[in-house]
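Following my numbering, the numbering of the sequence shown begins with 76 at its first residue and continues without gaps.
Just so it is clear, CB atoms sit at the ideal spot from N, CA and C, and this is done for glycine as well.
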Amino acid sequence: MRTLPQSARRQLDEAYAFSTVTPHLADGRTIETVVMHYDATSRSRARTTICVSSQVGCPIGCSFCATGRSGFDRNLSEAEIVDQFLMASRKLADAQRSLTNVVFMGMGEPLNNYAAVVGAIRRWAAPDTLNFSPRRVTISTIGLVPFIERLSAESLPVNLAISLHAPDDELRSSMIPVNRKYPIAAIVGAARAHAERTGRRTSYEYVLLQGVNDSPEQARRLAGLVKHRLSHVNLIPMNPVEGSPLAPPSKHRSQAFQSVLQAAGISTTIRATRGLDIDAACGQLRARQPQTVLTPA
Ligand code: SAH
Ligand code: SF4
């Protein structure tokens with residue numbers, strides 16, 4: 076803004092930031108944001124999806140997740156969430172690409188930072204900002220029931236992904252402590268109500284852990300739980316987490332699990348793992364390496 080006097084420019088500079096996140100190579104408070112390109116297929120158009128973080132660390136502490144194991148630092152602000160999108164967009168513009176989808180599947184539990192997450196989604200959606208439809212946004216949650224209900228009451232047609240991971244409460248509570256407070260039936264009930272209210276499909280995420288939750292009998296129980304016309308199951312063979320004894324099942328066993336669900340009439344995919352080579356796959360984000368992408372300024 077060279078047309079403004081220098082004193083005014085200085086004042087603006089001091090009072091406002093163009094971005095609250097910057098690429099940074101330091102320890103301290105860091106988050107990770109991941110951009111994924113998917114080429115067009117016969118059934119779908121090309122997509123560029125950004126996986127955003129909502130918190131620095133995560134307070135939920137799931138046994139199979141690197142983010143959970145590294146503890147919780149703080150919530151991100153609405154601006155820090157908004158800016159992950161803006162920064163990625165600027166970088167993609169150089170390659171003449173733009174973001175088509177957002178998933179809250181980075182670090183943190185988005186419904187544990189409800190106001191900032193919903194605020195960011197509304198800001199992306201505003202016609203005078205990006206006009207980016209909430210229909211292109213997915214919130215992934217471990218199942219904080221009161222916040223799922225609150226989300227359904229907003230007129231916000233976002234997609235919900237429920238991280239289910241177990242077909243019974245005893246097992247789920249051993250993997251995800253907060254399940255004692257919000258058990259499976261309550262979570263599935265709230266997700267179903269959201270799907271019916273918005274018409275948006277619910278994805279149930281299920282991390283496959285060898286010898287823990289990967290038997291055909293467990294697949295049958297899972298099928299019984301999630302059966303609904305708007306349900307989809309996403310199977311995610313566990314990505315390795317340093318220091319964890321948990322491991323993914325063989326390909327054969329994952330496919331057998333999928334077959335049981337499909338035979339029960341449930342649409343199911345096995346998620347192709349991406350980002351393993353740079354520790355950026357699901358459940359591996361913990362901002363420990365100096366290759367970390369963003370840091371709140
Ligand atoms: N806290 C939210 C959002 C993070 S999403 C949630 O849990 O839903 C991260 C996704 O990756 C979730 O579905 C989570 O269960 C999954 N995940 C966590 N650890 C993983 C691992 N080691 N391998 C594969 N997926 C994992
Ligand atoms: Fe948090 Fe989700 Fe990881 Fe559980 S899986 S610790 S809720 S980020």
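N-terminal and C-terminal residue of the beta strand (DSSP E) that residue i is part of
{"i": "Pro312", "result": "Ser306 to Pro312"}
{"i": "Ile214", "result": "Val212 to Thr216"}
{"i": "Asp148", "result": "Phe147 to Asn150"}
{"i": "Ser238", "result": "Asn234 to Ser238"}
{"i": "Thr344", "result": "Ser342 to Ile345"}
Expected contact under 8 Å - CB spacing of residue i and residue j to nearest Å
{"i": "Met182", "j": "Ser128", "result": "4 Å"}
{"i": "Pro252", "j": "Leu283", "result": "Incorrect: roughly 21 Å between the Cβ atoms, too far for contact."}
{"i": "Ser215", "j": "Phe179", "result": "6 Å"}
{"i": "Val316", "j": "Ala141", "result": "5 Å"}
{"i": "Tyr189", "j": "Phe222", "result": "5 Å"}
{"i": "Ile345", "j": "Val301", "result": "The Cβ separation is near 16 Å, so there is no contact."}
Reduced DSSP category for residue i - H, G, I as helix; E, B as strand; rest coil
{"i": "Ala195", "result": "helix"}
{"i": "Glu280", "result": "strand"}
{"i": "Tyr257", "result": "coil"}
{"i": "Thr273", "result": "helix"}
{"i": "Gln130", "result": "strand"}
{"i": "Ile156", "result": "helix"}
{"i": "Arg172", "result": "coil"}
{"i": "Arg85", "result": "helix"}
{"i": "Met111", "result": "strand"}
{"i": "Ile125", "result": "strand"}
{"i": "Ile106", "result": "strand"}
{"i": "Val287", "result": "coil"}
{"i": "Asp263", "result": "First, the amino acid is wrong: residue 263 is Val here, not Asp. DSSP places Val263 in helix when its eight states are reduced to three."}
{"i": "Ala101", "result": "Here Ala101 scores only 42 on pLDDT, less than 50, and its place in the model should not be relied on; the value that follows carries that caveat. Coil, per DSSP."}
For residue i, the first and last residue of its enclosing alpha helix (DSSP H)
{"i": "Arg328", "result": "Lys326 to Ala338"}
{"i": "Phe222", "result": "Val220 to Ala228"}
{"i": "Ser249", "result": "Asp244 to Met250"}
{"i": "Thr142", "result": "Ala141 to Arg144"}
{"i": "Arg296", "result": "Pro291 to Val301"}
Residue i, buried or exposed, once every other Cβ within 10 Å from all chains shown has been counted against 16
{"i": "Glu155", "result": "buried"}
{"i": "His327", "result": "exposed"}
{"i": "Leu151", "result": "buried"}
{"i": "Tyr281", "result": "buried"}
{"i": "Asp158", "result": "buried"}
{"i": "Asn206", "result": "exposed"}
{"i": "Thr204", "result": "exposed"}
{"i": "Glu184", "result": "buried"}
{"i": "Asp88", "result": "exposed"}
{"i": "Leu310", "result": "buried"}
{"i": "Ala83", "result": "exposed"}
{"i": "Gln330", "result": "exposed"}
{"i": "Gln130", "result": "buried"}
{"i": "Arg85", "result": "exposed"}
{"i": "Ser117", "result": "exposed"}
{"i": "Thr105", "result": "buried"}
{"i": "Gly318", "result": "exposed"}
{"i": "Tyr279", "result": "buried"}
{"i": "Pro242", "result": "buried"}
{"i": "Asp148", "result": "buried"}
{"i": "Ala90", "result": "exposed"}
{"i": "Arg255", "result": "exposed"}
Short CB-CB distance (under 8 Å) between residue i and chain D
{"i": "Ser342", "result": "Structure shown: chain D not included; a single protein chain is present."}
Closer than 5 Å is what we want: which residues have a beta carbon that near any heavy atom of the ligand SF4? List them in chain order.
-> Cβ atoms closer than 5 Å to the ligand SF4 belong to Cys133, Ile135, Cys137, Cys140, Thr142, Gly143, Glu184 and Ile217.
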